[in-house]
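J.:
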Amino acid sequence: MQKRKTLLNSYLPYKGSFIFLCSSLFLGNALVSISSVIALLVLLIDVFRNKFKVQFKKLYLLFSVYFFTVVIATVLNANSFTDLINLTSLLPFIYIPLYVSVLINKKEWGKIVKSGLNAFIISGVLSFILSFFYGVFRAFHAEKSFNSIYITYRHLNDLFGVEPIYVSALYFFSIVIILEYSFLLKTIVKNKITLSVLFIFAIFLSSSRITLVVTLIYVGTKFFLNLNRMNKKSIFLLLSCMALVFIISFTIPTLKSRIMNFDQNISSYSGLALRKKLWKNSWELIEASPLMGYGFRISQIELQGTYKKNNFRRAFINKLNCHNQYFQSLLDSGIFGLIVLLAIGLSPFYFIKDNRPLYLFVASFFFLIITESFLVRQIGITYFVLFFFLLLGINDKNCITEQQKYQELEFI
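Take 11 as the starting number for the sequence shown in my numbering and just add one per residue.
1) Go ahead and pull the three-state DSSP assignment for Leu17.
2) Tell whether a beta-carbon distance below 8 Å holds between Leu222 and Phe214.
3) Please tell me whether Phe346 has its Cβ less than 8 Å away from any Cβ of chain B.
4) Hey, would you say Leu113 sits closer than 8 Å to Tyr24, going by beta carbons?
5) Take Tyr160 and list the residues in its own chain whose beta-carbon comes closer than 7 Å to its own, dropping the five residues that flank it on each side.
6) Can you give the Cα-Cα distance for Ile203 and Gly126, rounded to whole angstroms?
7) To which residues of the same chain is Glu420 closer than 7 Å at the C-beta, ignoring the five residues directly before and after it?
8) Cutting at 6 Å between CB atoms, please list the residues of its own chain near Ala129, excluding the five before and the five after it.
9) Is Arg366 buried or exposed, if buried means 16 or more other CB atoms sit within 10 Å of its CB?
10) Considering just the uninterrupted stretch of the alpha helix (DSSP H) at Asp342, what are its terminal residues?
11) As a quick exercise: from Ile345, Gly315, Phe361, Val123, pick the residue whose alpha carbon is nearest that of Lys329.
12) Return yes when the Cβ of Glu312 is within less than 8 Å of the Cβ of Leu340, no when it is not.
13) Given the structure, does Lys124 come close to the ligand NAD, in the sense that its CB is under 7 Å from one of the ligand's heavy atoms?
14) Which two residues bound the contiguous alpha helix (DSSP H) that contains Met252?
15) Check whether the Cβ atoms of Gly347 and Ala88 lie closer than 8 Å to each other.
16) Taking the continuous alpha helix (DSSP H) assigned at Phe58, which residues delimit it?
17) Can you tell me where the alpha helix (DSSP H) with Pro367 in it begins and where it stops?
18) When the Cα atoms are used, what is the spatial distance from Ile104 to Leu235?
19) Please classify Arg387: does DSSP put it in a helix, a strand, or coil?
20) Excluding the 5 residues flanking Cys332 on each side, which residues of the same chain have their C-beta closer than 8 Å to its C-beta?
21) Is Ser133 helix, strand or coil by DSSP?
22) Helix, strand or coil for Ile184? Go by DSSP, reduced to three states.
23) From Gly344 to Tyr304, what distance separates their C-alpha atoms?
24) Let me know if Pro263 comes out buried or exposed under the rule of 16 or more other beta-carbons within 10 Å of its beta-carbon.
25) Can you tell which of Gly38, Ala298, Val207, Val64 has its C-alpha closest to the C-alpha of Pro174?
26) Can you give the Cα-Cα distance for Ser374 and Thr92, rounded to whole angstroms?
27) To the nearest angstrom, how far is the alpha carbon of Leu17 from that of Arg323?
28) Could you tell me if Glu190 is buried or exposed, where buried requires 16 or more neighbouring beta carbons within 10 angstroms of its beta carbon?
29) Among the candidates Pro107, Ile106, Val80, whose CA atom is the shortest distance from the CA of Leu94?
30) For Asp93, which three-state DSSP category applies?
31) Please state the DSSP three-state secondary structure of Lys121.
32) Nearest CA to the CA of Lys68: which residue from Val350, Thr392, Ile131?
33) Enumerate in chain order the residues of its own chain whose CB-to-CB distance from Ile220 is below 6 Å, with the five nearest sequence positions on each side excluded.
34) Please report the distance separating the alpha-carbon of Phe256 from that of Leu284.
35) So, at 7 Å on beta carbons, what are the nonlocal neighbours of Phe156 in its own chain, with the 5 sequence-adjacent residues on each side left out?
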């Protein structure tokens with residue numbers, strides 16, 4: 011009986027569910043859904059045992075308001091029960107902050123976070139290696155002659171079915187973790203430059219241009235600010251690998267085309283030209299219902315009607331969303347939803363002091379969503395909410411002991 015009680019009181023369920031949740035982000039919506047259910051069940055253990063305690067009240071309130079704004083808009087516009095079932099994808103806005111709150115109240119929370127972040131990094135490495143070699147295999151065997159398209163862009167991620175923008179954003183955040191929170195990752199600190207270069211290479215091959223811009227700005231700034239703390243061997247390794255990445259990028263036709271032709275023709279399925287037309291159609295719909303929008307996922311049905319009316323065949327056939335989260339929030343929950351989303355983006359800079367990794371994460375995320383509707387899929391929602399509150403919790407001095415406070419390690 012005592013052993014069972016000890017097991018129930020231990021941090022093992024939280025550690026296991028947290029590792030699974032972090033690692034599942036690279037593997038698509040299905041595994042994210044499963045890990046979310048597991049995390050929720052683990053959370054309920056403490057809720058029913060009256061050990062639950064809410065942290066981050068002001069920020070949690072903002073996330074809750076955004077959730078209920080979208081829910082209300084969806085309920086008002088719903089035509090069937092199926093429309094309401096779609097709201098389950100939004101649940102991470104509610105339960106993940108509570109889940110992290112429970113974690114940081116555990117004495118072993120530092121070990122849990124360390125294990126989760128390690129799992130996240132390792133999953134990123136393994137998923138890229140598997141995807142890359144699967145792509146290389148198809149490049150040689152899928153057609154009569156070698157075709158490099160299979161190791162780039164959408165084809166690179168076919169193995170796990172994750173969209174390029176999501177997986178490249180996950181790779182980018184892996185770099186941020188390695189360079190900003192390497193104190194937690196003792197097993198891979200010595201290899202952080204190598205791993206960072208690997209993830210940069212993965213981002214180039216995934217060819218999400220908005221993520222490429224964010225990555226180059228962050229890594230370039232980090233490199234020059236810490237140049238005097240780097241040894242010659244590390245500088246040579248980093249510059250050589252970066253040069254190799256650029257050479258490969260301009261050698262493979264698909265990558266060269268995406269990098270050089272930023273404003274591609276609409277028929278290319280991509281580029282700024284396509285997005286401008288998507289935004290024009292979205293704005294036409296927004297003007298018709300600016301206050302409350304059309305509801306989560308219902309807005310896509312309405313957008314399809316607008317595409318059809320305007321004879322925008324490319325978007326209609328491929329059921330494209332508006333590819334801008336700010337417009338997407340207007341479509342889903344109107345001006346109220348957009349205001350709350352913007353408040354969430356500004357909140358860390360107002361409420362939180364001295365948390366550079368959180369600032370980096372939020373700033374980069376709100377830049378990425380200029381060209382992508384990131385919060386329409388559960389994997390995007392889970393990614394944003396989980397790491398927003400995790401980074402917040404890591405730096406919350408009221409929630410950690412003196413032994414767990416960190417000091418930033420040298421860049422190299």
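Cβ coordinates follow ideal geometry from the N, Cα and C atoms, glycine included.
T.: Quick look at the numbers:
1) The residue labelled residue 17 in the question sits at position 7 within the sequence shown. Per-residue confidence for Leu17 stands at a pLDDT of 48, beneath the threshold of 50, marking its modelled position as unreliable; the derived number appears in the next sentence. Note: Leu17 maps to helix in three-state DSSP.
2) Within the sequence shown, the letter at position 212 stands for residue 222. Within the sequence shown, the letter at position 204 stands for residue 214. Their beta carbons are under 8 Å apart, which means Leu222 touches Phe214 by this criterion.
3) This model lacks chain B altogether, as it is built from one protein chain only.
4) For the purposes of this step, residue 113 is taken as residue 103 along the sequence shown, with counting starting at 1. For the purposes of this step, residue 24 is taken as residue 14 along the sequence shown, with counting starting at 1. Taking C-beta atoms as the reference points, Leu113 and Tyr24 count as a pair closer than 8 Å.
5) Here residue 160 refers to the residue found at position 150 when the sequence shown is read from its first residue. Cβ neighbours of Tyr160 beyond the five flanking positions: Gly145, Arg148, Ala149, Ala152.
6) The residue you call residue 203 lines up with position 193 of the sequence shown. The residue you call residue 126 lines up with position 116 of the sequence shown. Cα to Cα, Ile203 sits roughly 20 Å from Gly126.
7) Here residue 420 refers to the residue found at position 410 when the sequence shown is read from its first residue. At Glu420 the pLDDT is 35, less than 50, meaning the model places this residue with poor confidence; the figure from the coordinates comes in the next sentence. Within the same chain, Glu420 has close Cβ partners Arg239.
8) Reading the sequence shown from its first residue, position 119 is the one you call residue 129. Only Ile29, Cys32, Ser33 meet the Cβ criterion.
9) In the sequence shown, the residue the question calls residue 366 occupies position 356. The residue in question, Arg366, is exposed, as its Cβ has fewer than 16 Cβ neighbours within 10 Å.
10) As a first step, residue 342 must be located in the sequence shown, where it is residue number 332. Element bounds for Asp342: 335-361.
11) Stepping through the sequence shown from its first residue, residue 329 is reached at position 319. Ranking the options by Cα distance to Lys329, first place goes to Gly315.
12) Against the sequence shown, residue 340 aligns to sequence position 330. Against the sequence shown, residue 312 aligns to sequence position 302. Contact flag unset, no.
13) Within the structure as shown, the ligand NAD is missing, as the structure has no ligands at all.
14) For the purposes of this step, residue 252 is taken as the residue at position 242 of the sequence shown. Residues 242-261.
15) Here the question's residue 347 lines up with position 337 in the sequence shown. Here the question's residue 88 lines up with position 78 in the sequence shown. No, Cβ-Cβ distance for Gly347 and Ala88 is not below 8 Å.
16) The residue given as residue 58 occupies position 48 in the sequence shown. Per DSSP, Phe58 belongs to the alpha helix (DSSP H) from 39-58.
17) Along the sequence shown, read from residue 1 onward, the residue named residue 367 stands at position 357. Segment 366-378, the alpha helix (DSSP H) holding Pro367.
18) By 1-based counting over the sequence shown, the position of residue 104 is 94. By 1-based counting over the sequence shown, the position of residue 235 is 225. One C-alpha to the other measures close to 38 Å.
19) Taking the first residue of the sequence shown as 1, we reach residue 387 at position 377. Note: Arg387 maps to coil in three-state DSSP.
20) Reading the sequence shown from its first residue, position 322 is the one you call residue 332. Result list for Cys332: Leu288, Trp289, Asn291, Ser292, Leu313, Gln338, Leu341, Ser383, in chain order.
21) Numbered from 1 along the sequence shown, position 123 holds the residue referred to as residue 133. Helix at Ser133.
22) For the purposes of this step, residue 184 is taken as residue 174 along the sequence shown, with counting starting at 1. The residue you asked about is not Ile; residue 184 is Ser in the sequence shown. Of the three classes helix, strand and coil, the one that applies to Ser184 here is helix, per DSSP.
23) Residue numbering aside, residue 344 sits at position 334 when the sequence shown is read from its first letter. Residue numbering aside, residue 304 sits at position 294 when the sequence shown is read from its first letter. Taking the straight line joining both Cα atoms gives about 8 Å.
24) For the purposes of this step, residue 263 is identified with residue 253 of the sequence shown, where counting begins at 1. Answer is exposed; the Cβ neighbour count stays below 16.
25) To locate residue 174, count along the sequence shown from 1; it is residue 164. For the residues Gly38, Ala298, Val207, Val64, the minimum Cα distance to Pro174 belongs to Gly38.
26) Residue 374 sits at position 364 when you count from the first residue of the sequence shown. Residue 92 sits at position 82 when you count from the first residue of the sequence shown. In this structure, the straight-line span from the alpha carbon of Ser374 to that of Thr92 is close to 34 Å.
27) Stepping through the sequence shown from its first residue, residue 17 is reached at position 7. Stepping through the sequence shown from its first residue, residue 323 is reached at position 313. Residue confidence for Leu17 is low, a pLDDT of 48 falling below 50, so the modelled location carries little weight and cannot support an answer.
28) On the sequence shown, position 180 is the one that residue 190 refers to. That one is buried.
29) Position 84 of the sequence shown, counted from the start, is the residue given in the question as residue 94. For Leu94, the closest C-alpha among the options Pro107, Ile106, Val80 is that of Val80.
30) Against the sequence shown, residue 93 aligns to sequence position 83. Asp93: helix per DSSP, three-state reduction.
31) Sequence index remark: in the sequence shown, residue 121 carries index 111 (1-based). DSSP places Lys121 in helix when its eight states are reduced to three.
32) Taking the first residue of the sequence shown as position 1, residue 68 is located at position 58. Residue Val350 is the option with its Cα nearest to Lys68.
33) Here residue 220 refers to the residue found at position 210 when the sequence shown is read from its first residue. The answer, listed in chain order, is Leu378, Thr381.
34) The sequence position of residue 256 within the sequence shown is 246, counting from 1. The sequence position of residue 284 within the sequence shown is 274, counting from 1. Those two C-alpha atoms are separated by around 26 Å.
35) In the sequence shown, residue 156 corresponds to position 146, counting from 1. Scanning its chain for C-beta atoms nearer than 7 Å, with the 5 sequence neighbours on each side dropped, one finds around Phe156 the residues Ala149, Phe150, in chain order.
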